[in-house]
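Chemist: Here this note's numbering = 1-based position in the sequence shown + 10.
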Amino acid sequence: MGRLGRLTVNKKIIKTPALLPVINPHLQIITPAEMRNMGVEALITNAYIFYQSDQYRDIVKEKGLHDLLDFDGAIMTDSGSFQLSVYGDVAITNTETLSYQRDIGSDIWVPLDIPTSPAADRATAERELEVTMERLREAREVFGDDAPIAAPVQGGIFTDLREQAGKEIAEMGFSFCPVGAVVPLMESYRYRDLLRVVMASKKTLSPASCVHLFGAGHPAMFAFAVALGCDIFDSAAYALYAKEGRYLTAHGSYRLSELSDLPCACSVCRSHTADEIKSSDDKERLLALHNLHATLAEISRIRLAVTDGTLWELVDERCRSHPQLLAAYREMLNHTETLEQHDRATKRRFFYRGDESCRRTEVLCYQEKLSRLRLGKNVIVVMGGERADGYDTVLRFKPPFGPYPQELAETFPIGQSEIPPWDESMVRQGCRGIRMLAESHKESRVTVACFRHWAAFVRDELPGIEVLADED
Ligand code: GUN
Ligand code: ZN
Numbered sequence: 011m012g013r014l015g016r017l018t019v020n021k022k023i024i025k026t027p028a029l030l031p032v033i034n035p036h037l038q039i040i041t042p043a044e045m046r047n048m049g050v051e052a053l054i055t056n057a058y059i060f061y062q063s064d065q066y067r068d069i070v071k072e073k074g075l076h077d078l079l080d081f082d083g084a085i086m087t088d089s090g091s092f093q094l095s096v097y098g099d100v101a102i103t104n105t106e107t108l109s110y111q112r113d114i115g116s117d118i119w120v121p122l123d124i125p126t127s128p129a130a131d132r133a134t135a136e137r138e139l140e141v142t143m144e145r146l147r148e149a150r151e152v153f154g155d156d157a158p159i160a161a162p163v164q165g166g167i168f169t170d171l172r173e174q175a176g177k178e179i180a181e182m183g184f185s186f187c188p189v190g191a192v193v194p195l196m197e198s199y200r201y202r203d204l205l206r207v208v209m210a211s212k213k214t215l216s217p218a219s220c221v222h223l224f225g226a227g228h229p230a231m232f233a234f235a236v237a238l239g240c241d242i243f244d245s246a247a248y249a250l251y252a253k254e255g256r257y258l259t260a261h262g263s264y265r266l267s268e269l270s271d272l273p274c275a276c277s278v279c280r281s282h283t284a285d286e287i288k289s290s291d292d293k294e295r296l297l298a299l300h301n302l303h304a305t306l307a308e309i310s311r312i313r314l315a316v317t318d319g320t321l322w323e324l325v326d327e328r329c330r331s332h333p334q335l336l337a338a339y340r341e342m343l344n345h346t347e348t349l350e351q352h353d354r355a356t357k358r359r360f361f362y363r364g365d366e367s368c369r370r371t372e373v374l375c376y377q378e379k380l381s382r383l384r385l386g387k388n389v390i391v392v393m394g395g396e397r398a399d400g401y402d403t404v405l406r407f408k409p410p411f412g413p414y415p416q417e418l419a420e421t422f423p424i425g426q427s428e429i430p431p432w433d434e435s436m437v438r439q440g441c442r443g444i445r446m447l448a449e450s451h452k453e454s455r456v457t458v459a460c461f462r463h464w465a466a467f468v469r470d471e472l473p474g475i476e477v478l479a480d481e482d
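1) Could you check if Asp-191 belongs to the surroundings of the ligand GUN, using beta carbon to heavy atom distance under 6 Å?
2) Please state if the CB of Val-50 and the CB of Ile-114 are separated by a distance shorter than 7 Å.
3) Do Thr-169 and Arg-137 count as a contact pair if the criterion is CB distance below 7 Å?
4) Any heavy atom of the ligand GUN within a distance shorter than 6 Å of the CB on Pro-158?
5) Measuring straight from C-alpha to C-alpha, what distance separates Gly-12 and Ser-281?
6) Mind the definition here: the region 285 to 293 touches the region 330 to 338 only if three or more C-beta pairs lie below 8 Å; say whether that holds.
7) So Val-325 is in the alpha helix (DSSP H); what residue range does that whole segment cover?
8) At a cut-off of 6 Å, would you count Asp-123 as near the ligand GUN, judging by its Cβ distance to the nearest heavy atom?
9) Can you tell me whether DSSP reads Leu-418 as helix, strand or coil?
10) May I have the straight-line CA-CA distance separating Phe-243 from Cys-460, to the nearest angstrom?
11) Could you check what DSSP says for Leu-53 in three-state terms: helix, strand or coil?
12) Measuring only from the beta carbon, is Asp-77 closer than 6 Å to any heavy atom that is part of the ligand GUN?
13) Classify Val-96: buried if its beta carbon has 16 or more other beta carbons within 10 angstroms, exposed otherwise.
14) Just the Cα atoms here: how many angstroms apart are Gln-416 and Asn-344?
15) Compare the beta carbon distance of Ala-57 and Gln-111 with 7 Å and say whether it is the shorter of the two.
16) Return the Cβ separation of Gln-426 and Phe-360 in integer angstroms, given the expectation that the two are a contact with Cβ distance under 8 Å.
17) Under 6 Å Cβ to Cβ from Ser-211, same chain only, skipping five residues before and after it: list those, please.
18) Would you call the CB atoms of Asp-241 and Thr-26 closer than 7 Å?
19) Is Glu-396 helix, strand or coil by DSSP?
20) Under 7 Å between C-beta atoms, does Gly-395 make it to chain D?
21) Considering only C-alpha positions, which residue in the set Trp-119, His-76 and Phe-232 is nearest to Glu-308?
22) If you run the structure through DSSP and keep just helix, strand and coil, what is Pro-333?
23) Where Tyr-264 and Tyr-257 are concerned, what is the direct C-alpha to C-alpha distance, given to the nearest angstrom?
24) For Asp-123, which residues from the same chain have a beta carbon less than 7 Å from its beta carbon, with the 5 sequence-adjacent residues on both sides left out?
25) Tell me, please, which residues DSSP counts as bridged to Leu-269.
26) Need the endpoints of the beta strand (DSSP E) that Glu-256 sits in, please.
27) Skipping 5 residues on each side, what residues in its chain have a beta carbon closer than 8 Å to that of Ser-435?
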């Protein structure tokens with residue numbers, strides 16, 4: 011479900027997937043102008059911080075956010091809902107925060123949604139969702155259909171509430187849709203719950219809407235989230251991690267103190283040694299710069315992977331960096347039928363990386379198409395050996411896909427898939443392809459030829475199909 015997109019706000023165009031760095035006006039460890047030079051097209055800041063600040067409240071109204079922050083890209087503002095979820099209360103109403111965000115010249119405004127805690131029971135989640143939806147309706151009534159208002163999807167961990175919220179938001183015509191209240195899930199590594207919440211929200215939102223995963227800033231999970239159809243991330247992690255002396259990479263983070271070398275190509279890491287950063291007075295800023303570079307590079311890598319059709323490979327690799335991410339990846343494979351509807355027909359390659367690869371969309375999609383093959387009366391699937399004589403149709407075999415005619419040998423996925431020596435998982439999955447072929451061609455008689463050391467295994471997988479065994 012990963013896709014490339016273009017988000018247009020106030021004539022500014024943002025390529026998605028995109029990362030919006032979080033700016034705190036009081037702590038600009040990296041300035042917005044520096045971020046612009048790093049290729050940042052949009053950032054996010056918290057309108058409530060400006061609103062509450064004697065230093066900034068009025069001056070930002072006069073100068074406008076873009077001038078004040080010295081940033082000519084897009085600026086999204088959050089409402090104060092985050093403070094609401096942390097402190098339980100905020101001194102501003104829904105229409106007040108939206109008016110303020112409008113007045114300071116924000117490009118994307120966020121209403122005062124209620125981020126329901128994952129610990130909330132169903133009655134609470136329902137009640138809070140009703141408040142959020144009412145505020146979205148109010149936002150529409152007061153500010154009109156064309157106001158650049160984001161519509162957060164809430165509902166706690168209840169997937170039916172997320173679906174319901176997504177549906178109502180789609181019906182109201184909102185096109186920028188953050189999935190809300192997921193920070194506590196990510197903080198406690200509950201990536202399977204995250205998967206369920208995102209899949210439920212995506213199910214009913216319009217496919218044309220831009221989906222923002224609110225508060226997701228660790229680059230190790232971006233590829234996974236993009237594969238679920240998320241388009242926008244916002245990161246305070248680059249600064250928060252730096253403050254704690256932590257060094258982000260796309261496959262996890264390190265404590266600076268445990269690094270003897272800097273495994274990164276960014277300008278900071280190439281112009282300093284690990285020891286130099288450790289003893290620098292500028293340590294926090296150098297770390298923040300590296301963290302932001304590493305985060306932005308991962309977004310670029312993801313965009314490239316989507317272009318090439320190698321996002322699965324990237325997801326597979328990244329999800330092995332944390333056991334809970336791997337658990338979520340495996341859970342994602344239970345949703346292949348949904349994912350497959352959005353998948354594309356051809357890709358640059360398919361790299362087999364073990365058991366999980368057997369359940370990828372490309373395998374499912376290939377096997378579904380087997381029913382379209384035209385076969386003669388007597389068909390042989392040659393898994394090994396040379397027994398092609400005397401059959402009307404000769405098919406080859408490539409696990410985990412299954413049987414294929416010679417004419418497809420160089421097309422995707424057969425021709426572009428890299429597989430290691432056969433293992434049982436892939437052969438089992440390939441046999442599923444043979445069964446599907448036989449079941450969809452009852453008028454043909456399918457026989458299989460394989461090497462002797464696979465024969466017992468293959469016979470078990472193909473009841474009712476004759477399996478001939480050849481010398482290895
Ligand atoms: N920041 C992180 N999560 C949320 C959320 O659910 N709503 C808003 N408005 N801001 C957030
Ligand atoms: Zn670096």
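We put the beta carbon where it would ideally sit given N, CA and C, even for glycine. Note that the structure is predicted; figures quoted are calculated from it, not measured.
Modeler: Taking the structure as given:
1) Residue 191 is actually Ala in this sequence, not Asp. Yes.
2) no
3) no
4) no
5) Whole-angstrom Cα-Cα distance: 35 Å.
6) no
7) 321 to 328
8) yes
9) helix
10) 49 Å
11) Strand.
12) It does not: the Cβ of Asp-77 is nowhere closer than 6 Å to a heavy atom of the ligand GUN.
13) exposed
14) 31 Å
15) yes
16) 6 Å
17) Val-163, Arg-172, Gly-176 and Val-189
18) yes
19) coil
20) Looking for chain D here will not work: only one protein chain is present.
21) Phe-232
22) In the structure shown, Pro-333 sits in a helix (DSSP, three-state: H, G or I).
23) 5 Å
24) Ser-91, Thr-142, Arg-145, Pro-162, Gln-164 and Gly-190
25) Partner(s): none; Leu-269 has no beta bridge.
26) The sequence as given places Arg at residue 256; Glu does not occur at that position. Where Arg-256 is concerned, the enclosing beta strand (DSSP E) stretches over 256 to 259.
27) Gly-364, Asp-365, Cys-368 and Pro-410
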